[in-house]
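Colleague: Residue numbers (this note's numbering): 7 to 298.
C-beta atoms are modelled at their ideal positions from N, C-alpha and C, and glycine is treated no differently.
All values derive from a computational prediction rather than experimental measurement.
Below is one structure. I have some questions about it.
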Amino acid sequence: MARVISKGTYNSLLDSLHKLPYRNRVHTLSKLFPNLSVDALKCIVAQECQRRMKCTHGRLTTSEAVEAMYKRYVNSIAMGEEPGVLLRLSDEIGLTPALLARSIIERHYQKHDKSKPGKLLVSTLMKNTALIDDRDLAFETYLCLLEDDEYGPIAEATKQSIGYEYEIRLRMELEKCQITFLHEEHLRVKGYDKTPDIKLEIPVAVDGQVINWIESKALFGDEEVHRGYLKDQLYSYWNRFGPGLVIYWFGYIEDLEKNHQNRIILIRDALPTNMVLMEEEPKNFFTDLRSS
7 MARVISKGTY NSLLDSLHKL PYRNRVHTLS KLFPNLSVDA LKCIVAQECQ RRMKCTHGRL
67 TTSEAVEAMY KRYVNSIAMG EEPGVLLRLS DEIGLTPALL ARSIIERHYQ KHDKSKPGKL
127 LVSTLMKNTA LIDDRDLAFE TYLCLLEDDE YGPIAEATKQ SIGYEYEIRL RMELEKCQIT
187 FLHEEHLRVK GYDKTPDIKL EIPVAVDGQV INWIESKALF GDEEVHRGYL KDQLYSYWNR
247 FGPGLVIYWF GYIEDLEKNH QNRIILIRDA LPTNMVLMEE EPKNFFTDLR SS
């Protein structure tokens, strides 16, 4: 399955994505783009959903909009509609299930002066729906959390678990290659604040480029994602430790390295198999250095 794709393919995928309803989009896209991995499609869908929610969430969750949604929900329950009321409403209005459920909970626990309940209470109820005092709302919220791959405590826990899984995978692959390194916890003990996932104790060469550190990203790297990481993380690693490598395990758009000059940060979708320890002084690498 392809994980590194052209900008044209990516734009075509987004065009198709924007025409689909919120749920079950990955299944449909996998038929339209059979050469792309399911993991890559899941990441692209999730990232695009989050961008859309940033633009529309405020408009969809005004007090008037929430009041209208709440009345529809209450009426649907009173009329004995089958479970999944909030899921169907989510599909209709374009708000993700978890965000819709959160808005309905906030309205359900609204105080007499119409002020919202505390964020801690709402977060607690979202994490444990059994604590919700209304049976129907508890079940409806539970269904929303199960169906939402982008928002809510289940989705967040899943993302954190996958991210940690790939960090461990990176460490194991480096150990298998007998490359010594310090990981994030080691660096924080040494007093570093912003730290990459891996700091190599002995630099390696990859395609003629020196690598001092590696950052693991269990997601798909598009231009917006990569620019954000360059600004918030990667350039600070380069300033402190020199050139490095970021791995987008679920793929990336070709030519992302054009976002920065001189290949100071390499991009790959897996740990390179052609790494050469600098201390070994391979002839081809150092010959190139001397002749350059």
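Counting along the chain, where does the beta strand (DSSP E) carrying H189 start and finish?
Modeller: From DSSP, the beta strand (DSSP E) with H189 extends over 187–189.
Colleague: Hey, Y172 and S222: beta-carbon distance below 7 Å or not?
Modeller: Yes; because the gap between Cβ atoms is below 7 Å, this pair is in contact.
Colleague: Buried or exposed for L38, please, with buried defined as at least 16 other CB atoms from any protein chain shown within 10 angstroms of its CB.
Modeller: Under this definition L38 is an exposed residue.
Colleague: Between the region 15–27 and the region 41–59, can you find at least three pairs of beta-carbon atoms closer than 8 Å?
Modeller: Yes: the two stretches touch, three or more of their Cβ pairs being nearer than 8 Å.
Colleague: Against chain B, with Cβ distances strictly below 7 Å, would A211 count as a contact?
Modeller: In the structure shown, chain B cannot be found, because there is only a single protein chain.
Colleague: Got a sec? Which residues, its chain only, sit under 6 Å from D45 by beta carbon, not counting five neighbours each side?
Modeller: Closer than 6 Å at Cβ, skipping near neighbours: F256.
Colleague: What do you reckon, are the CB atoms on D142 and I83 nearer than 7 Å?
Modeller: It is a contact, given that the beta carbons lie within the stated cut-off.
Colleague: Within the continuous alpha helix (DSSP H) that includes Q239, where are the two ends?
Modeller: First-last for Q239: undefined, no H or E at that position.
Colleague: CB L66 to CB L101, shorter than 7 Å?
Modeller: Yes, Cβ-Cβ distance for L66 and L101 is below 7 Å.
Colleague: With contact counted as at least three CB pairs below 8 Å, one residue from each stretch, are the region 241–260 and the region 202–212 in contact?
Modeller: Flag = yes, the region 241–260 and the region 202–212 touch.
Colleague: Go to G250, then tell me how far its beta strand (DSSP E) extends in each direction, as first and last residue.
Modeller: That run of the beta strand (DSSP E) goes 250–254.
Colleague: Using a 10 Å radius around the Cβ and a threshold of 16 neighbouring Cβ atoms, would you call S109 buried or exposed?
Modeller: Under this definition S109 is a buried residue.
Colleague: In this structure, does DSSP put G205 in helix, strand or coil?
Modeller: This sequence places Lys at residue 205; Gly is not what is there. Strand, per DSSP.
Colleague: My understanding is that S96 touches Y148, with C-beta atoms under 8 Å, so please give their C-beta distance in whole angstroms.
Modeller: So it is not a contact: roughly 14 Å between Cβ atoms.
Colleague: Nearest to R246 by CA position, among A276, K182, E263, L193, is which residue?
Modeller: Minimum Cα distance to R246 is reached at L193.
Colleague: On a CA-only basis, which of N218, Q184, L105, D154 is nearest K60? Give me that one, please.
Modeller: Of N218, Q184, L105, D154, the residue nearest in Cα terms is L105.
Colleague: At which residues does the beta strand (DSSP E) containing I220 begin and terminate?
Modeller: Here the beta strand (DSSP E) through I220 covers 215–223.
Colleague: Based on the DSSP secondary-structure assignment, which residues constitute the bridge partners of V91?
Modeller: Paired residue(s): none; V91 is not in a bridge.
Colleague: Comparing C-alpha positions only, which one of D155, S69, L93 sits nearest to R113?
Modeller: The option with the nearest alpha carbon to R113 is S69.
Colleague: Just to confirm, is the Cβ distance from Y258 to G227 under 7 Å?
Modeller: In contact: Y258 and G227 (Cβ atoms closer than 7 Å).
Colleague: Would you report the Cα separation of A107 and G214, rounded to the nearest angstrom?
Modeller: Those two C-alpha atoms are separated by around 52 Å.
Colleague: Just verifying my parser: in three-state terms, what is the DSSP assignment at R303?
Modeller: As shown, the chain starts at 7 and ends at 298. That puts residue 303 outside it, with no answer to give.
Colleague: Quick one: is I174 buried, meaning 16 or more other Cβ sit within 10 Å of its Cβ, or exposed?
Modeller: Flag for I174 reads exposed.
Colleague: Short check: CB of A224 to CB of I168, under 7 Å?
Modeller: Cβ distance < 7 Å, so A224 and I168 count as in contact.
Colleague: For A211, is the classification buried or exposed, using 16 other Cβ atoms within 10 angstroms of its Cβ as the cut-off for buried?
Modeller: Per the 10 Å Cβ criterion, buried.
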